[in-house]
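Take a look at the structure below.
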Amino acid sequence: MQPFSYIRPATPQEAVGAFAQAGEGARFIAGGTTLYDLMKLNIERPRHLIDVSAIEGFNRIETDGDRLRFEANAAMSAVATDPVVARDYPVLAESLWKAASQQLRNMATVGGNLLQRTRCMYFRNGAGGIYPCNKREPGSGCAAIGGLDRGQAVLGTSDTCTAVSPGDWPVALVAMDASIEVLGPNGTRSMPVADLYRLPDTTPHVEFTLDPGEMITAIVVPKTLAGRRSTYHKIRDRESYAFALTSAAVALEMNDDRVERARIALGGVATRPWRAPESEEVLAGQRLTPELALAAGRAAFRDARPGRHNGFKVELGARTIADALRIAADRSRT
Ligand SMILES: Cc1cc2nc3c(=O)[nH]c(=O)nc-3n(C[C@H](O)[C@H](O)[C@H](O)COP(=O)(O)OP(=O)(O)OC[C@H]3O[C@@H](n4cnc5c(N)ncnc54)[C@H](O)[C@@H]3O)c2cc1C
């Protein structure tokens, strides 16, 4: 690990100011559960760490009014167990408590979670030149393409990168049309969570759309009745403490057994949290039957591009959506 300076600002404004002053090589750090890991692996080499975890009152969870608002430093475990979130937005709560372990969820923040980096084994284990990785060393190549690609993406891939976007929480947020509030050197702005993530295209090392020095201050989720009829369904190699092979965030507005509107996003199968409008269209206005649910699931994978060992994700992903639709539909609206 290379030496770095370390400061703990008292306010978001102070943190953004410190970042601007530090310049290149500066990074925010919150729970540290991702960044310290990547520093030890020699993948991240920051020169200045700006620790935002000590900012007083930067972890509020607001559920009154017409939206949910989570400040960036709220712990994953705190949001997952908030009574309103757990009761009215199971998709959000489940995406958090099905992630990582209880110890990690106590440390990790809902802001930091949005910016975690891929768990692609060639990205994480190849520092020092063992394996090429365009995300780690732009232009070096991709060992996953044509290599051991069982965990890789089948949607949103490019000829330079097939690494999966790893987070569960961002998938649920994308399904719920959530946005983030951002503070930067030029003031504040807000953007949909879906727009935070870039496709790999020819520049897989550029993963997020934040400008240098911009800090996420809060996550905002519009309130909707569909929240109650929602779920985050996650399929993984182990029942706990594992990243998704496939996952589906589903929220339904139903009129008796007809779907008025479905919101669906996928994890574990794509290079960014993946909204599935093709599936939503198949369902709109239709009576939800097992056959229709599977057809909706399969529609999401029409453009899938599997590699050598990950073709199973296409059918597993479709069935994950179908099962999530059943779970969400079975949930009472009241
Ligand atoms: C063993 C293990 C298993 C895991 N399993 C899962 C899993 O199954 N599902 C899942 O979703 N996640 C999983 N995770 C990832 C975990 O959820 C993330 O590490 C965590 O959410 C990151 O939050 P943090 O606060 O610790 O971020 P940090 O490590 O502090 O920061 C992460 C990134 O966000 C940036 N950052 C932090 N806060 C801000 C801010 N406010 N504004 C701008 N930038 C910021 C940092 O610069 C850094 O780039 C796992 C992690 C581990 C170690």
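The opening residue of the sequence shown carries number 1023 in this note's numbering; numbering runs sequentially from there. A virtual CB, placed ideally from N, CA and C, is assigned to each residue, including glycine. Everything numeric in this text was worked out from a predicted model, so none of it was measured.
Rounded C-alpha distance that separates Q1308 from G1178: The count along the sequence shown starts at 1 and reaches residue 1308 at position 286. The count along the sequence shown starts at 1 and reaches residue 1178 at position 156. Those two C-alpha atoms are separated by around 28 Å.
Rounded straight-line distance, which links the Cα of V1132 to that of W1191: If you number the sequence shown from 1, residue 1191 lands on position 169. If you number the sequence shown from 1, residue 1132 lands on position 110. Their backbone Cα atoms lie some 8 Å apart in a straight line.
Selected residue, minimal CA-CA separation from M1213, among P1222, T1225, F1230: Within the sequence shown, residue 1213 is the residue found at index 191, counting from 1. Closest by alpha carbon: F1230.
Neighbouring residues (CB closer than 5 Å to any heavy atom of ligand 1): R1049, F1050, I1051, A1052, G1053, G1054, T1055, T1056, L1057, A1094, A1121, A1122, A1130, T1131, G1133, G1134, N1135, L1137, Q1138, G1189, D1190, M1237, I1238, F1265
Beta-carbon proximity check, A1144 vs A1175, cutoff 8 Å: Reading the sequence shown from its first residue, position 122 is the one you call residue 1144. Reading the sequence shown from its first residue, position 153 is the one you call residue 1175. The sequence as given places Tyr at residue 1144; Ala does not occur at that position. No. Outside cutoff.
Where D1278 falls, given that 16 or more other Cβ within 10 Å makes a residue buried: As a first step, residue 1278 is located in the sequence shown; it is residue number 256 there, counting from the start. Answer is exposed; the Cβ neighbour count stays below 16.
Supposed contact pair S1180 and Y1219 - C-beta distance, whole angstroms, cut 8 Å: Numbered from its first residue, the sequence shown carries residue 1219 at position 197. Numbered from its first residue, the sequence shown carries residue 1180 at position 158. Wrong, their Cβ atoms sit about 14 Å apart, outside the cutoff.
C-alpha distance - A1321 paired with V1304, whole-angstrom precision: Your numbering for residue 1321 matches position 299 in the sequence shown. Your numbering for residue 1304 matches position 282 in the sequence shown. Using only the alpha carbons, I get a separation of about 8 Å.
Sequence-distant residues of the same chain with beta carbon closer than 7 Å to E1282, five excluded per side: Position 260 of the sequence shown, counted from the first residue, corresponds to residue 1282. Hits under 7 Å: E1275, M1276.
Spatial distance of L1114 from G1329 (CA atoms): Here residue 1114 corresponds to residue number 92 of the sequence shown, with the count starting at 1. Here residue 1329 corresponds to residue number 307 of the sequence shown, with the count starting at 1. The straight-line gap from Cα to Cα measures roughly 31 Å.
Member of A1122, E1078, M1129, F1041 whose CA lies at the smallest distance from the CA of G1054: Within the sequence shown, the letter at position 32 stands for residue 1054. It is M1129 whose Cα lies nearest to the Cα of G1054.
Runs of alpha helix (DSSP H) wholly within the stretch 1103 to 1185 (minimum 4 residues, chain order): 1105 to 1110, 1112 to 1119, 1124 to 1129, 1132 to 1136, 1143 to 1147
6 Å CB neighbourhood of A1194 in its chain, flanking five on each side removed: Numbered from 1 along the sequence shown, position 172 holds the residue referred to as residue 1194. Cβ neighbours of A1194 beyond the five flanking positions: V1113, L1114, S1117, Y1254, A1271.
Beta-carbon proximity of P1034 to T1268, cut-off 8 Å: Here residue 1034 refers to the residue found at position 12 when the sequence shown is read from its first residue. Here residue 1268 refers to the residue found at position 246 when the sequence shown is read from its first residue. No.
Beta-ladder partner(s) of L1071, from DSSP: Working through the sequence shown from its first residue, we reach residue 1071 at position 49. In DSSP, L1071 forms a bridge with Y1028, R1049.
Continuous alpha helix (DSSP H) stretch holding R1089: start and end: In the sequence shown, the residue the question calls residue 1089 occupies position 67. From DSSP, R1089 is part of no alpha helix (DSSP H) but of the beta strand (DSSP E) over 1089 to 1093.
Sequence-distant residues of the same chain with beta carbon closer than 7 Å to D1233, five excluded per side: Residue mapping note: residue 1233 aligns to position 211 of the sequence shown, counting from 1. Hits under 7 Å: G1206.
Nearest to L1288 (by Cα), restricted to the options A1102, V1196, G1249: Position 266 of the sequence shown, counting from 1, holds the residue named residue 1288. The option with the nearest alpha carbon to L1288 is V1196.
Sufficient close CB pairs (3 or more, under 8 Å) joining the stretch 1098 to 1111 to the stretch 1062 to 1075: no
Assigned exposure category for D1171 - 16 Cβ within 10 Å defines buried: Counting from 1 along the sequence shown, the entry for residue 1171 is found at position 149. Label assigned to D1171: buried.
Beta strand (DSSP E) segment containing A1287, residue limits: Residue mapping note: residue 1287 aligns to position 265 of the sequence shown, counting from 1. 1280 to 1289 is the extent of the beta strand (DSSP E) around A1287.
Straight-line Cα distance separating K1256 from V1074: Position 52 of the sequence shown, counted from the first residue, corresponds to residue 1074. Position 234 of the sequence shown, counted from the first residue, corresponds to residue 1256. For V1074 and K1256, the distance between alpha carbons rounds to 30 Å.
Residues sharing a beta bridge with T1268, DSSP: Within the sequence shown, the letter at position 246 stands for residue 1268. Answer is I1257, bridged to T1268.
Close Cβ partners of T1085 (< 6 Å) along its chain, the five nearest in sequence each way excluded: As a working note, residue 1085 is residue 63 in the sequence shown. Within the same chain, T1085 has close Cβ partners V1106.
Same chain, Cβ closer than 8 Å to I1349, five either side skipped, listed in chain order: Numbered from its first residue, the sequence shown carries residue 1349 at position 327. The residues are T1253, H1255, V1272.
Counterpart residues of Y1219 in DSSP-defined beta bridges: The sequence position of residue 1219 within the sequence shown is 197, counting from 1. In DSSP, Y1219 forms a bridge with F1230.
A1037 (DSSP reduced to helix, strand or coil): The residue labelled residue 1037 in the question sits at position 15 within the sequence shown. Looking at A1037 - three-state DSSP - the assignment turns out to be helix.
Distance, G1290 Cα to V1242 Cα: Counting from one through the sequence shown, the residue named residue 1242 turns up at place 220. Counting from one through the sequence shown, the residue named residue 1290 turns up at place 268. Using only the alpha carbons, I get a separation of about 23 Å.
7 Å Cβ shell around A1076 - same chain, five flanking residues per side excluded: Start at 1 with the first residue of the sequence shown, and residue 1076 comes out as number 54. So the qualifying residues of the chain are R1030.
Between the CA atoms of R1158 and M1237 - distance to the nearest angstrom: Taking the sequence shown and counting its residues from 1, the one referred to as residue 1237 is at position 215. Taking the sequence shown and counting its residues from 1, the one referred to as residue 1158 is at position 136. Cα-Cα distance, rounded: 22 Å.
For V1242, the residue or residues it bridges with in DSSP: For the purposes of this step, residue 1242 is taken as residue 220 along the sequence shown, with counting starting at 1. R1091, S1201.
Nearest residue (CA-CA) to A1266, options W1119, A1200, E1036: By 1-based counting over the sequence shown, the position of residue 1266 is 244. Closest option to A1266, Cα to Cα, is W1119.
Cβ distance (whole Å) where A1351 is taken to contact R1251 below 8 Å: Here residue 1351 refers to the residue found at position 329 of the sequence shown. Here residue 1251 refers to the residue found at position 229 of the sequence shown. Sure, about 7 Å apart at Cβ, within 8 Å.
Secondary structure of T1342, DSSP reduced to three states: In the sequence shown, the residue the question calls residue 1342 occupies position 320. In the structure shown, T1342 sits in a helix (DSSP, three-state: H, G or I).
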